[in-house]
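>
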Amino acid sequence: MSEPAPTFDIPKECWGGVVKNEGPDFYVEVEKVPVPEIGPQDVLIKLNATGICLSDIHFMLADWNLPKMSELGTKCAGHEGAGVIVKVGEAVKTLKVGQRAGFKPIQNVCHTCEYCKTGRETYCLKAVFTGAFCDGTYGSYKQYVVSPENYTTALTISQGVSDHVAGPVMCSASTIYSSIKESGLQPGQWAVFPGGGGGVGIQGVQLAAAMGIRPIVVDTGEERRKLALGLGAEHFVEFKNGDPVKEVVELTGGGAHGVFVTAVQSYPIALGYLGARAGAQIMCIGLPPRGKYHIDLDPTPLIFRNQSIKGTLVASLADIDATLDFAKRGKLRLEPTVVGLSQFNEAVQKLKNGQVAGYVFVFALGLQEHKDNG
């Protein structure tokens, strides 16, 4: 006989990190927000953890060439979390109360177009994006979120991976994995990570090393140097000491096979890292603020050296599962800095001001913690 499903007391309101003063001087204030209602084909997830992605910072800064959060009626940012299903809609058949689940950058897709049918559903033209693209119901900077049954990531393969790790895997780690996979780099080839001592880049370094690719980090500071070399980088190039492009070309014997740009300030010089390497690629991951950090493109090396520039968005369901498997096997060490709700704004401001090295900030979305400390 199967065990009865657990039951949960679901409040009318929960704690959420609400953005205030949207723009350059924004801040996040923890306050009560409504617990969303679910539809017949939805599940309600109580998030135990949510990561802070730099994308959230840009949405709150309102410096991307996209609609502002306030224009969409969004109060809570956030798009990467993990927790437990506490309620299911009447038509839900494949998920159950008490099951662990993740919350991703994309809320849902059409499931019928050519992209959805070929495992590239993140490029579905009808994709519904999480957090800042929807109303305030969906951002993961709150304790309860709604997710549709047919696009919810069930954390069934991630036994041993805590919610504090699984949350960031929903976006940052799986996004960089997806880009590495899309590049087609092979074992033994060189991958350069400008700004690779930061949160997304350092995850890419670990995943590349686990795939047999040879990572080089271009960054600055002793803390980031130790972190990068300790987590799989073969070389660390200090960009403040000389010419980083020249050094990378020399280290790689002619140029990188792939450059994975998460630090948007690196776009103007990214092509230089390819040197004369035929077939080399720039993989664009970080989305720059409007009007800044563009690639000044001369097509000549693209033609003569078969080089290319590609962009990747976020991870598919399959790529999220693959990234969770890396974490489960110990190949991806996130070691997130877990903070409580009372430290929400402090952690967000540190990320905004670049005061972190390789940190993945994760909020423990516990009601009791906020009562005790905030």
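In the UniProt record's numbering, the protein residues as written are 1 to 374.
Glycine is no exception: its CB is placed at the ideal position from the N, C-alpha and C atoms.
Span of the alpha helix (DSSP H) holding P202?
Position 202 of the sequence shown, counting from 1, holds the residue named residue 202. Looking at the sequence itself, residue 202 is Ile, so the reference to Pro does not match. Segment G199 to A210, the alpha helix (DSSP H) holding I202.
> Between the stretch 213 to 233 and the stretch 163 to 176, do three or more beta carbon pairs fall short of 8 Å?
no
> Taking 8 Å as the cut-off, decide whether the C-beta atoms of Q206 and L332 are in contact.
Position 206 of the sequence shown holds residue 206. Position 332 of the sequence shown holds residue 332. It is a contact, given that the beta carbons lie within the stated cut-off.
> Would you kindly work out how many angstroms separate the C-alpha atoms of V261 and F129, rounded to a whole number?
If you number the sequence shown from 1, residue 261 lands on position 261. If you number the sequence shown from 1, residue 129 lands on position 129. Each residue's alpha carbon lies about 22 Å from the other.
> Does A101 pass the burial test, meaning 16 or more other C-beta atoms within 10 Å, or should it be called exposed?
On the sequence shown, residue 101 is found 101 positions in, with the first residue counted as 1. By the neighbour-count rule (16 or more Cβ atoms within 10 Å), A101 is buried.
> Put S162 into one of helix, strand or coil per three-state DSSP.
Along the sequence shown, one-based indexing puts residue 162 at 162. Correct three-state label for S162: coil.
> Whole angstroms is fine: what's the gap from K292's alpha carbon to W64's?
The residue given as residue 292 occupies position 292 in the sequence shown. The residue given as residue 64 occupies position 64 in the sequence shown. Distance between the alpha carbons of K292 and W64 is about 10 Å.
> Within this structure, are the beta carbons of V249 and G258 separated by less than 8 Å?
As a first step, residue 249 must be located in the sequence shown, where it is residue number 249. As a first step, residue 258 must be located in the sequence shown, where it is residue number 258. No, they are not a contact pair.
> Whole angstroms are fine: how far does the CA of G311 sit from the CA of L54?
Translated into positions along the sequence shown, residue 54 becomes position 54. Translated into positions along the sequence shown, residue 311 becomes position 311. Each residue's Cα considered, the two are about 17 Å apart.
> To the nearest whole angstrom, what separates the beta carbons of M60 and A77, a pair I think is in contact under 8 Å?
Within the sequence shown, residue 60 is the residue found at index 60, counting from 1. Within the sequence shown, residue 77 is the residue found at index 77, counting from 1. With a Cβ gap of about 6 Å, M60 and A77 count as contacting.
> Cα separation between E22 and F8?
One-based indexing of the sequence shown puts residue 22 at position 22. One-based indexing of the sequence shown puts residue 8 at position 8. Cα to Cα, E22 sits roughly 35 Å from F8.
> With DSSP as the reference, identify every bridge partner of T94, one or two as the case may be.
Along the sequence shown, read from residue 1 onward, the residue named residue 94 stands at position 94. Answer is none; T94 lacks a bridge partner.
> Would you kindly check if the distance between the Cβ of A263 and the Cβ of G199 is under 8 Å?
One-based indexing of the sequence shown puts residue 199 at position 199. One-based indexing of the sequence shown puts residue 263 at position 263. For G199 and A263, no; Cβs fall outside 8 Å.
> What are the boundary residues of the alpha helix (DSSP H) that Y177 is part of?
Here residue 177 corresponds to residue number 177 of the sequence shown, with the count starting at 1. S174 to S183 is the extent of the alpha helix (DSSP H) around Y177.
> Let me confirm a value: S266 is counted as buried when at least 16 other C-beta atoms fall within 10 Å, else exposed. Which label applies?
As a working note, residue 266 is residue 266 in the sequence shown. By the neighbour-count definition (other C-beta atoms within 10 Å, threshold 16), S266 is a buried residue.
> From the DSSP output, read off the bridge partner residues of A322.
The residue labelled residue 322 in the question sits at position 322 within the sequence shown. DSSP lists no partner for A322.
> Does Y141 come out as helix, strand or coil in the three-state DSSP assignment?
Taking the first residue of the sequence shown as position 1, residue 141 is located at position 141. DSSP places Y141 in coil when its eight states are reduced to three.
> Helix, strand or coil for K12? Go by DSSP, reduced to three states.
Stepping through the sequence shown from its first residue, residue 12 is reached at position 12. Note: K12 maps to coil in three-state DSSP.
> What's the C-alpha gap between T112 and F103?
Taking the sequence shown and counting its residues from 1, the one referred to as residue 112 is at position 112. Taking the sequence shown and counting its residues from 1, the one referred to as residue 103 is at position 103. Their backbone Cα atoms lie some 22 Å apart in a straight line.
> If you follow the alpha helix (DSSP H) that A228 is in, where does it begin and where does it stop?
The residue given as residue 228 occupies position 228 in the sequence shown. Start and end: E222 to G230.
> What does the Cβ neighbour count give for P301, buried or exposed, with the cut at 16 atoms within 10 Å?
Numbered from its first residue, the sequence shown carries residue 301 at position 301. The residue is buried, with at least 16 neighbouring Cβ atoms inside 10 Å.
> Would you decide whether A62 is buried or exposed? Buried here means 16 or more other CB atoms lie within 10 Å of its CB.
The count along the sequence shown starts at 1 and reaches residue 62 at position 62. Buried is the call here.
> Mark V143 as exposed unless 16 or more other C-beta atoms lie within 10 angstroms of its C-beta, in which case mark it buried.
Here residue 143 corresponds to residue number 143 of the sequence shown, with the count starting at 1. The amino acid occupying residue 143 in the given sequence is Gln; Val does not appear at that position. Buried.
> Using CA atoms only, rank isn't needed, just tell me which of G242, G16, Q307 and Y27 is closest to G279.
Position 279 of the sequence shown, counting from 1, holds the residue named residue 279. When the alpha-carbon of G279 is set against those of G242, G16, Q307 and Y27, the nearest one is in Q307.
> Pick helix, strand or coil for L349, following the three-state DSSP scheme.
Counting from one through the sequence shown, the residue named residue 349 turns up at place 349. For the sequence presented, residue 349 should be read as Gln rather than Leu. Correct three-state label for Q349: helix.
> Whether or not the stretch 201 to 215 and the stretch 230 to 243 are in contact is what I'm after, with contact meaning three or more pairs of Cβ atoms, one per stretch, closer than 8 Å; do they touch?
yes
> Relative to the alpha-carbon of P24, which residue among K68, G39 and D219 has its alpha-carbon at the smallest distance?
Here residue 24 refers to the residue found at position 24 of the sequence shown. Comparing Cα positions, the closest option is K68.
> Can you grab the Cα-Cα spacing for the pair V237 / M283, in whole Å?
Residue 237 sits at position 237 when you count from the first residue of the sequence shown. Residue 283 sits at position 283 when you count from the first residue of the sequence shown. Approximately 19 Å, taken between the alpha carbons.
> In whole angstroms, what separates the C-alpha of I269 from that of P299?
Along the sequence shown, one-based indexing puts residue 269 at 269. Along the sequence shown, one-based indexing puts residue 299 at 299. Whole-angstrom Cα-Cα distance: 15 Å.
> Could you name the residues of the same chain whose beta carbon sits closer than 7 Å to that of D42, not counting the 5 residues immediately before and after it, in chain order?
Your numbering for residue 42 matches position 42 in the sequence shown. For D42, where only same-chain residues beyond five positions count, the Cβ hits under 7 Å are G89, V146, S147, P148 and E149.
> For L313, which of P105, L185, R214 and V84 has the nearest alpha-carbon?
As a working mapping, residue 313 is identified with position 313 in the sequence shown. Per the Cα distances, P105.
> Let me make sure I understand the geometry here. Which of E114, A318, K240 and P4 has the alpha-carbon closest to that of C171?
Taking the sequence shown and counting its residues from 1, one reaches residue 171 at position 171. Checked all of E114, A318, K240 and P4; the closest Cα to C171 is A318.
> What does DSSP give as the partner residue(s) for residue 461 in the beta ladder?
The structure shown does not extend to residue 461, since the chain is modelled only from 1 to 374, so the question has no answer here.
> Could you tell me the distance, in whole angstroms, from the CA atom of residue 439 to the CA atom of V169?
Residue 439 is absent from the structure shown; the chain starts at 1 and stops at 374.
> Do V33 and K75 have their C-beta atoms closer together than 8 Å?
One-based indexing of the sequence shown puts residue 33 at position 33. One-based indexing of the sequence shown puts residue 75 at position 75. Yes, the Cβ-Cβ distance between V33 and K75 is below 8 Å.
> Around the Cβ of I10, are there at least 16 other Cβ atoms within 10 angstroms (buried) or fewer (exposed)?
On the sequence shown, residue 10 is found 10 positions in, with the first residue counted as 1. The residue in question, I10, is exposed, as its Cβ has fewer than 16 Cβ neighbours within 10 Å.
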